[in-house]
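Visitor:
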Amino acid sequence: MSSTATGRELTLWKWGLIFIACWTMAYVFFVKEEWLVRQVEEERAQTRVVLGEGAAARAERNARSVWEATFVHSHVIEATFKIMEPGKEVDDTDAKVNGFLSPLRDWAAGRMRVCWTLLYQLFVRVAVASTWWTYALVVAVPFIVDAFVSRKIKAAGFGLTSPHMYVLGRHAMFSIPLGAFLLLLSPVQLPATLTPILIVLMSIALWTSISMFAKRA
Numbered sequence: 094m095s096s097t098a099t100g101r102e103l104t105l106w107k108w109g110l111i112f113i114a115c116w117t118m119a120y121v122f123f124v125k126e127e128w129l130v131r132q133v134e135e136e137r138a139q140t141r142v143v144l145g146e147g148a149a150a151r152a153e154r155n156a157r158s159v160w161e162a163t164f165v166h167s168h169v170i171e172a173t174f175k176i177m178e179p180g181k182e183v184d185d186t187d188a189k190v191n192g193f194l195s196p197l198r199d200w201a202a203g204r205m206r207v208c209w210t211l212l213y214q215l216f217v218r219v220a221v222a223s224t225w226w227t228y229a230l231v232v233a234v235p236f237i238v239d240a241f242v243s244r245k246i247k248a249a250g251f252g253l254t255s256p257h258m259y260v261l262g263r264h265a266m267f268s269i270p271l272g273a274f275l276l277l278l279s280p281v282q283l284p285a286t287l288t289p290i291l292i293v294l295m296s297i298a299l300w301t302s303i304s305m306f307a308k309r310a
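In case it helps, our numbering puts the sequence shown at residues 94 to 310.
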């Protein structure tokens, strides 16, 4: 059962990543830039309310420092926009070609700005999520300890374990991170309390998969 379950989970991740790639490309091609900027601003305002100005500002500074070192100082962003600059006009033919391609360049530049905005927002979301690591420890450790204690008690006594609950918990352990990654790439405004909610759900999944494991194991 274990190898079969692992195969199903790997298949879930494979198709999940394919879906995430298609999901992201759809956003890059169809999301309006003005709407995306508005969503980003509203999400950051909500983050400042929940985390406080100091913690939110530190998270954004951390994200910005990594972003600038990775994409700005290396001139990667600049290079992507240079590709869409019009070529030199030597004669009337070049001018006509540039004029014909101008709307396409404008559209491509807007899509590129959407792409970079989504990627920068991903950096900010990861930095904000990392501020909850102490909360993750406080929540997850008691769940894990209690799960192992419950398993020992069931193994020593006549307590029953549920294979269905074990499989459900195990699948949830693989599905929740995949869903979290999908949400991190989403252009819609995410609630600032999403990370602690996911931490609690992941802790419950861990507790279920550990405490409901077969007694003989």
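We put the beta carbon where it would ideally sit given N, CA and C, even for glycine.
Rounded C-beta distance between Val293 and Val242? I'm assuming under 8 Å.
Guide: Val293 to Val242, Cβ: 19 Å. No contact.
Visitor: Measuring alpha carbon to alpha carbon, tell me which residue in Leu299, Pro196, Lys245 and Phe164 is nearest Ala229.
Guide: Comparing Cα-Cα distances from Ala229 to each of Leu299, Pro196, Lys245 and Phe164, the minimum goes to Leu299.
Visitor: Straight-line CA distance for Cys115 to Ala201?
Guide: Between Cys115 and Ala201, the C-alpha separation is close to 18 Å.
Visitor: Please name the residue, chosen from Val217, Val234, Ile269 and Arg263, that lies closest to Pro280 on a Cα-to-Cα basis.
Guide: Closest option to Pro280, Cα to Cα, is Val217.
Visitor: Alpha carbon to alpha carbon, what distance is there between Glu134 and Ala240?
Guide: Ala240 and Glu134: Cα-Cα distance of roughly 41 Å.
Visitor: Do you know offhand how far Ala310's Cα is from Gly262's?
Guide: Any reading at Ala310 must be qualified, since the residue scores a pLDDT of 45, below 50, and its modelled position is unreliable; the value itself is stated next. Straight-line Cα distance between these residues: approximately 17 Å.
Visitor: Identify whether Ser167 lies in helix, strand or coil by the three-state DSSP scheme.
Guide: Correct three-state label for Ser167: coil.
Visitor: Helix, strand or coil: how does DSSP classify Ile176 here?
Guide: Reduced to three states, the DSSP call for Ile176 is coil.
Visitor: Is Phe112 helix, strand or coil when you go by DSSP?
Guide: Of the three classes helix, strand and coil, the one that applies to Phe112 here is helix, per DSSP.
Visitor: Whole angstroms are fine: how far does the CA of Tyr259 sit from the CA of Ile111?
Guide: Approximately 27 Å between the Cα atoms of the pair.
Visitor: Over what stretch of residues does the alpha helix (DSSP H) that includes Val133 continue unbroken?
Guide: From DSSP, the alpha helix (DSSP H) with Val133 extends over Glu126 to Leu144.
Visitor: Quick one: residues in its chain with C-beta nearer than 8 Å to the C-beta of Val121, no 5 flanking neighbours on either side, listed in chain order?
Guide: Cβ within range, chain order: Arg204, Val207, Cys208 and Leu211.
Visitor: Look up Val234 in the DSSP assignment and say whether it is helix, strand or coil.
Guide: Looking at Val234 - three-state DSSP - the assignment turns out to be helix.
Visitor: My understanding is that Glu126 touches Leu283, with C-beta atoms under 8 Å, so please give their C-beta distance in whole angstroms.
Guide: Not confirmed; about 19 Å, so no contact.
Visitor: State yes or no: is the C-beta of Leu299 nearer than 8 Å to some heavy atom of the ligand ADP?
Guide: Of ligands this structure carries none, so the ligand ADP is not represented either.
Visitor: Give a yes or no on whether the C-beta atoms belonging to Thr301 and Ala265 are separated by under 9 Å.
Guide: Yes, the pair counts as a contact, with Cβ atoms nearer than the cut-off.
Visitor: Would DSSP call Lys107 helix, strand or coil?
Guide: Looking at Lys107 - three-state DSSP - the assignment turns out to be helix.
Visitor: Could you tell me the alpha carbon to alpha carbon distance between Ser158 and Lys245, rounded to whole angstroms?
Guide: One C-alpha to the other measures close to 47 Å.
Visitor: What is the DSSP secondary structure of Trp200, reduced to helix, strand or coil?
Guide: Trp200 falls in the helix class under three-state DSSP.
Visitor: State the DSSP-derived secondary structure class of Met94, mapped to helix, strand or coil.
Guide: Unreliable placement is indicated for Met94, whose pLDDT of 46 sits below 50; no coordinate value is reported for it.
Visitor: Buried or exposed, going by whether 16 or more other CB atoms sit within 10 Å of the CB of Ile176?
Guide: Exposed.
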